[in-house]
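First residue of the sequence shown? That's 1 in UniProt numbering, and the numbers climb one at a time after it.
Please read the structure below before turning to the comments.
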Amino acid sequence: MEILYRDEHLVAVHKPPGLLVHRSPIDRHETRFALQEVRDLLGQRVYPVHRLDKPTSGVLIFALDPASARGLVGAFASGSVTKTYLAVVRGTMPEEGVIDHPLAEEPDRFEPGGGNVGERAPQPAVTDYRRLADVELPVAVGRYPTSRYSLVALSPRTGRRHQLRRHLKHLFHPIVGDTKYGEGRHNRFFREELLTVRLLLHAVELTVPHPATGAPLMVCAPVEGAFESLLARFGWLSAVPSRWLGPQGKSMAGEEIQPRQRISPVLPLL
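If you want it as structure tokens, here you go:
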């Protein structure tokens with residue numbers, strides 16, 4: 001696992017998709033966890049201070065001592081942390097906006113009282129979004145002769161369980177690859193024709209008050225692998241800041257034209 005930043009108080013790593021942050025009763029069969037991998041990599045105890053869903057990739061922070069853990073947990077709880085995610089969603093999103101839609105807690109069904117969802121009142125949940133690029137493909141995935149998708153930057157102000165995935169579903173722009181809240185036909189199209197089998201949600205940037213100094217610390221996890229390849233295929237590399245791209249993406253972005261504009265490529269289906 002790649003280390004993005006490390007000092008004596010904390011470490012930030014690039015979590016790959018498909019990896020749990022720590023042991024969970026929902027995935028009893030799992031034997032690999034980010035917490036133990038980072039612990040083994042550093043040779044010391046680490047303390048989780050926030051989490052990413054198993055299918056989500058990107059910046060993940062661990063504290064290296066109890067005092068730093070308390071400070072970081074407090075920063076996340078108070079909303080002092082700025083988080084930015086990249087997502088590919090179905091349809092053409094508005095240019096920008098705010099999703100202010102309360103969400104009921106979704107507890108793990110294996111936890112005590114986990115089945116009493118109806119007794120839990122919805123809690124405030126707010127997400128800012130901005131469309132970076134969009135594409136219209138000459139492929140009839142649904143009932144229309146073409147299919148549209150958007151690349152969006154998401155910044156949650158609150159931290160409800162599955163907030164981004166549920167908020168995008170609420171807007172009828174579900175995240176591609178989301179098997180719980182998404183749209184099966186579009187997920188299947190990306191999986192079978194574009195060879196993209198993952199949830200297209202990536203925690204690309206995080207700014208947190210440093211637990212020792214209080215100064216803002218910004219950490220980026222560039223997109224990579226299938227996500228980066230998809231951005232290149234759709235002509236979207238130039239639509240994102242260069243710090244969000246890996247070396248290959250940066251070199252390819254220089255060859256693109258018409259950044260931040262709608263494009264209608266004829267993609268060869270595999």
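Every residue, glycine too, gets a C-beta built ideally from N, C-alpha and C.
All values reported here derive from a predicted model rather than from experimental measurement.
For Leu230 and Leu199, the gap between their C-alpha atoms comes out near 12 Å. In this chain, the alpha helix (DSSP H) harbouring Phe227 covers Gly225 to Arg233. In the structure shown, Ser155 falls within a strand segment according to DSSP collapsed to helix, strand and coil. The C-alpha of Ala203 is placed about 14 Å away from the C-alpha of Glu2.
By the CB criterion at 8 Å, Gly177 and Thr196 fall inside the cutoff. In the structure shown, Leu103 falls within a strand segment according to DSSP collapsed to helix, strand and coil.
Leaving aside the five residues that flank Glu95 on each side, the residues in its chain whose CB is nearer than 8 Å to its CB run, in chain order, Arg130 and Arg131.
With distances taken between CA atoms, Ser242 lies nearest to Glu205 out of Ala226, Pro216 and Glu205.
With 16 or more other Cβ atoms inside 10 Å of its own Cβ, Ala253 counts as buried.
Within the same chain, Val135 come within 6 Å of Phe234 by CB-CB distance, once the 5 residues on both sides are set aside. Under the DSSP assignment, Lys169 falls outside any beta strand (DSSP E), being part of the alpha helix (DSSP H) whose first and last residues are Gln163 to His170. For Arg39, the uninterrupted alpha helix (DSSP H) run begins and ends at Ala34 to Leu42, by DSSP. Taking C-beta separations shorter than 6 Å and ignoring five residues to either side along the sequence, the partners of Asp128 in its chain run Val98 and Ser155, following chain order. Burial of Thr84 is indicated by the presence of at least 16 other C-beta atoms within 10 angstroms of its C-beta.
In the structure shown, the three-state DSSP call for Pro209 is strand.
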